[in-house]
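K.L.:
Residues 1497 to 1954 (the working numbering) are what the sequence shown spells out, left to right.
Quick one: the structure is below, questions incoming.
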Amino acid sequence: MSRNKNFKILIVDDEIEYQNVVSLILSEEGYTVETCSNGREALKMLKVRNIDLLITDLRMPEMGGFELIDKVKESSAETSIVVMTAYASVESAINAMHCGAEDYYLKSNNLEELIIIVARIAKMAQLEKRASIFANQHGGADIFLDTKNNEYARLLEMCRRTASTDINILLLGESGVGKEIFANYIHKSSDRSKEPFVPVNCQTYAEGMIESELFGHEKGSFTGAIEKRIGRFEEANYGTLFLDEVGDLHLPTQVKLLRALETKSIERVGSNKQIDLDIRLISATNKNLNDAIDDKKFREDLLYRINTLTITVPPLRHRKEDLDGLISFFINKIETDQKKKIRKIDDDVMKFLKEYDYPGNIRELKNILERMIALSRDGRITLNELFKPQENTKLMRDKMINSMDGESLREARSKFEEEYIAQLLNKYNNDMNKCADALKITKRQLWNKVNQYGLEKK
């Protein structure tokens, strides 16, 4: 099924022949299209159908386009509107936009411009749905930005100060610390806040698919390209593009990303037409990109482009003073989602929740609470709900209290490395030369590690 099928369009035009042409073209683009010939019929249809976009002529008998726009805005405020006019003057179309229309189209035999207008509005609707999903998933996201930790507060202030600029920002931090929440906060604090915020997880796409996802493609440009597709760069135009796990991009895609940032333009796959861009780029990774450069897996010139400013988001274990608020927030949200009410949490459970180091960070905290509440009985949570029943309870408790439960080798090694470097810095009174010698690494590599783990302020 076409990915546009869920976007429903109603075309209103008393010129039946032209109406049929527009309907056919937009149907071929994959949209669900309905038609009618006058405003009164359109209003009746809007009462019984969920229409995403109304495309209407301005000059029609019985009810003109301006009257129709007014009534639609009163009764179906969420429906977007595009006006069509066959007249050379665009003054009336612009007046219609002042009344609430999203855009206008001068009627002609070339419908490419209308296709682009519709695609843009459909994309915006899709992004608004994503934003709604994001808000539900992170409902009350302000709780993640409300902190008692001085270092975390300093980072938030840095985000606020830089939001008004267009500098490219690189967010570093472990998996699950909330880098996307930081990126969204920067976007919402910026002058671009009313434009799209488009997140892309680079880790989830195969090498052959990521370029189409980012840059879009033309119909027939490769096997399976059955329709033209607008990429995430175009979706984010005038707004913010968030590239999560940017360190997982393959080298050929890195080259195209670098070119897009240098030229402020892209070309869709299968096209040589340049599309100008005006975006703010925020990238994120849990990898050490300097190590990736040394391993020839990441381009050094691209790193310079994406990290005009680097912000390291601290792990949850470094701001445990925020745990009370996060635990309360998640419990309230999960109670609503699971339709359960928690009346008592045993003291030893709360002690564990506050002392555990959360290698999976905020994401792990949420998962633990979801499991506990799902398994709870009679509104009470005990230690039994913390552990999987098929495993030896004592062993599992010991592992979790020592912050090793569920850790991959990379996570365990990373945690050990952080703690070991912190101990050496303390031992040598922050003498970087002595620490580097003890670790048998270069001073530059040590600096990278210190920045990666946020140890410079400890």
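Glycine residues also receive a C-beta, built at the ideal position from the N, C-alpha and C atoms.
Remember, predicted model here, so these are calculated numbers, not experimental data.
If distances are taken between C-alpha atoms only, which option among K1783, D1787, E1707, N1786 comes closest to L1754?
P.N.:
E1707
K.L.:
Could you say which of I1823, A1702, V1742, A1756 lies nearest to K1783 if we only look at CA atoms?
P.N.:
V1742
K.L.:
Count Cβ pairs between the region 1732 to 1751 and the region 1792 to 1805 that sit closer than 8 Å; are there 3 or more?
P.N.:
yes
K.L.:
Could you have a look at A1788 and say whether DSSP puts it in helix, strand or coil?
P.N.:
helix
K.L.:
How should F1912 be labelled, buried or exposed, when 16 other C-beta atoms within 10 angstroms of its C-beta is the threshold for buried?
P.N.:
exposed
K.L.:
When the Cα of I1613 is compared with those of L1942, V1578, L1564, which residue comes out closest?
P.N.:
V1578
K.L.:
Which one of L1798, I1877, R1616 has the shortest CA to CA distance from G1846?
P.N.:
Here residue 1846 is Met; the residue named in the question, Gly, does not match the sequence. Considering only alpha carbons, the answer is I1877.
K.L.:
Could you check where the beta strand (DSSP E) with T1658 kicks off and where it finishes?
P.N.:
From DSSP, T1658 is part of no beta strand (DSSP E) but of the alpha helix (DSSP H) over 1646 to 1659.
K.L.:
Please classify F1718: is it buried, with 16 or more other beta-carbons within 10 angstroms of its beta-carbon, or exposed?
P.N.:
exposed
K.L.:
Could you tell me the distance, in whole angstroms, from the CA atom of S1571 to the CA atom of R1688?
P.N.:
29 Å
K.L.:
List the endpoints of the continuous beta strand (DSSP E) containing Y1601.
P.N.:
1599 to 1602
K.L.:
Quick check: what's the CA-CA separation for T1552 versus K1816?
P.N.:
56 Å
K.L.:
Select from Q1834, L1747, I1823 the residue whose C-alpha is nearest the C-alpha of Y1852.
P.N.:
I1823
K.L.:
Based on the DSSP output, what are the partners of H1713 in its beta bridges?
P.N.:
R1725, V1765
K.L.:
For the alpha helix (DSSP H) containing F2021, list its first residue and its last residue.
P.N.:
Outside the shown range of the chain, which is 1497 to 1954, sits residue 2021, and nothing can be said about it.
K.L.:
Taking the alpha helix (DSSP H) that N1516 belongs to, which residues open and close that run?
P.N.:
1512 to 1524
K.L.:
Does the region 1803 to 1819 come close enough to the region 1697 to 1714 that 3 or more CB-CB pairs lie under 8 Å?
P.N.:
These segments do not touch.
K.L.:
Exposed or buried, what is I1663 when buried is set at 16 or more other beta-carbons lying within 10 Å of its beta-carbon?
P.N.:
exposed
K.L.:
On a Cα-Cα basis, can you pick out the residue from A1592, F1562, E1914, V1694 that is closest to A1621?
P.N.:
A1621 has its Cα closest to that of V1694, out of A1592, F1562, E1914, V1694.
K.L.:
With DSSP as the reference, label V1751 as helix, strand or coil.
P.N.:
helix
K.L.:
Out of L1747, H1814, S1588, which one is the CA nearest neighbour of R1788?
P.N.:
Checking the sequence shown, residue 1788 turns out to be Ala, not Arg. Nearest C-alpha to A1788: L1747.
K.L.:
Taking the alpha carbon of N1880 as the reference point, which residue from Y1854, N1857, I1841, I1858 has its own alpha carbon closest?
P.N.:
I1841
K.L.:
Considering only the alpha carbon of each residue, which of L1737, V1765, I1858 lies closest to V1673?
P.N.:
I1858
K.L.:
Give a yes or no on contact between the region 1765 to 1785 and the region 1595 to 1612, applying the rule of three or more CB pairs nearer than 8 Å.
P.N.:
Three or more beta-carbon pairs separated by less than 8 Å are not found between the region 1765 to 1785 and the region 1595 to 1612, which leaves the two stretches without contact.
K.L.:
Leaving out the 5 sequence neighbours to the left and right, which residues in its chain are closer than 7 Å to L1641 when beta-carbon positions are compared?
P.N.:
L1652, Y1681
K.L.:
Which same chain residues end up closer than 8 Å to L1542 when comparing Cβ atoms and leaving out the 5 residues on each side of it in sequence?
P.N.:
L1506, L1550, V1568, S1571, S1572, T1575
K.L.:
Rounding to the nearest angstrom, what Cα-Cα distance links M1868 and I1830 in this structure?
P.N.:
10 Å
K.L.:
So what does L1667 bridge to, in DSSP terms?
P.N.:
For L1667, which the question treats as bridged, DSSP gives the partners A1780, I1807.
K.L.:
Starting from V1579, trace the alpha helix (DSSP H) both ways and give me its first and last residue.
P.N.:
No alpha helix (DSSP H) contains V1579, which is instead part of the beta strand (DSSP E) from 1576 to 1581.
K.L.:
Kindly give me the distance between the Cβ atoms of A1679 and L1667, rounded to whole angstroms, as I take these residues to be in contact under 8 Å.
P.N.:
In this structure A1679 touches L1667 by the C-beta definition: roughly 6 Å separates them, less than 8 Å.
K.L.:
Between the C-alpha atoms of A1870 and D1843, what's the straight-line distance to the nearest angstrom?
P.N.:
19 Å
K.L.:
For the alpha helix (DSSP H) holding T1552, just list the boundary residues, first then last.
P.N.:
Per DSSP, T1552 is not a residue of any alpha helix (DSSP H); the beta strand (DSSP E) it occupies stretches across 1549 to 1553.
K.L.:
May I ask you to report which of helix, strand or coil DSSP gives V1673?
P.N.:
Three-state result, V1673: coil.
K.L.:
Tell me the DSSP secondary structure of E1530 in three-state form.
P.N.:
Residue state, collapsed to three classes: strand.
K.L.:
Using C-beta distances below 7 Å, list every residue in its chain close to I1778, excluding the 5 sequence neighbours before and after it, in chain order.
P.N.:
I1665, L1667, A1679, I1682, T1736, F1738
K.L.:
Are there any heavy atoms of the ligand ZN lying less than 7 Å away from the beta-carbon of L1564, as far as the coordinates show?
P.N.:
Among the ligands in the structure shown, none appear at all, so the ligand ZN cannot be discussed.
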